[in-house]
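Please read the structure below before turning to the comments.
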Amino acid sequence: MTGEPTTALTEAESRPNVARMYDYFLGGCHNFAADRAAAEQILGLMPDTGVAAQTNRAFLRRAVRYAAERGVRQFLDIGAGLPTQGNVHEVVRPIAPDARVVYVDNDEVAVAYARRLLPTDGRTVVAHGDLRRPDELLADPVVRANLDLTRPVAVLLIAVLHFVPDGDDPFAAVARLRDATVPGSMLALSHLTMDGAPALPAQQGKQLYQRTSAPIVPRPHAATTRFFDGYDLVEPGLTWLADWRPDGEPQSGVSHGYGGVGIRR
């Protein structure tokens, strides 16, 4: 069963969308034929992509739990895509029932789906915004109404920065988000890399993403570490996703990216 409607698809729905492709990799049902076809092409080149997506989702769960267990009660998930199973609000509620979760995405289709799927509990909301325009994002009425920036916030940039090219200066955008939060706030991010990947499949996969809603920009370890300027990295630092504070939860160990958590100075 899929989330595909019976009505004619819009242009945005007929073009492979990275959020819906990720949903497909995770085994979700909120995707369209174009998304599944593109995802299957990626799997043909790199068969462990679905497993790597699960590894990324497991990192998200561990990072959110880490923040919540240390008293953070506000979560800003930028580039959230579709709130599929095991997302932030589901992870944080058993630890902090009063925590507020704000999901943000720049894709209107993803935002529309999220608004349909999210619980109406008054503490979980979604806003339309773009990481590349952090001031507009922070000024959004939904964000302002649900986050108190005078208190610590966990900013989550999970598998989103590798969709922002250097020409859009993602480092400045992350720095602006950092400066908008108070000391003790956290940054958790995961980022695709081609470090250690076979050259030909990696290049072919990158070319396939050129036809989707957001081409990819993999970055090496040194460049990804720059996003944590102004933060103290939590041990073990920026690592392969599967190696960041494993908690005994079953996982394959397959990582296509780096992950880390920093605490704002």
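Take the sequence shown: its letters are residues 295 to 559, numbered as in the numbering used here.
Glycine included, each C-beta is placed from N, C-alpha and C at the ideal position.
Keep in mind the model is a prediction, meaning the values are calculated, not measured.
| Query | Result |
| --- | --- |
| Neighbour flag for Phe457 against chain C, beta carbons, 9 Å | Protein chains in the displayed structure number just one, and chain C is not present. |
| Beta-carbon contacts of Gly297 that lie in its chain and below 6 Å, excluding the five residues immediately before and after | Only weak support is given to the placement of Gly297: the predicted model assigns it a pLDDT of 49, under 50, and the value that follows is read from those uncertain coordinates. Answer for Gly297: Cys323, His324, listed in chain order. |
| Pairwise C-alpha distance: Arg359 and Ala482 | 11 Å |
| Nonlocal neighbours in the same chain, by C-beta distance under 8 Å from Leu376, ignoring five residues either side | Ala313, Arg314, Tyr316, Asp317, Gly322, His324, Ala404, Tyr407, Ala408, Leu411 |
| Same chain, Cβ closer than 7 Å to Asp434, neighbours up to 5 away in sequence not counted | Ala421, Gly423 |
| His485 - partner residues in DSSP beta bridges | Tyr552 |
| Cutoff 7 Å; reference Ala333; Cβ partners in own chain excluding five residues on either side | Met315, Tyr318, Phe319 |
| Length at least 3, wholly inside the stretch 359-421: the beta strand (DSSP E) runs in chain order | 368-372, 394-399 |
| The stretch 441-461 touching the stretch 361-371, judged by at least three CB pairs closer than 8 Å | yes |
| Best match in Thr518, Gly542, Asp541, Asp442 for proximity to Gly531 [C-alpha to C-alpha] | Thr518 |
| Gln348 classed as buried or exposed, judged by whether at least 16 other C-beta atoms fall within 10 angstroms | buried |
| Same chain, Cβ closer than 6 Å to Ala357, neighbours up to 5 away in sequence not counted | Ala482, Val555 |
| Residue burial classification, Ala466 (beta-carbon count within 10 angstroms, cutoff 16) | exposed |
| Start-to-end residues for the beta strand (DSSP E) that takes in Ile336 | Careful: Ile336 lies outside any beta strand (DSSP E), inside the alpha helix (DSSP H) at 327-339. |
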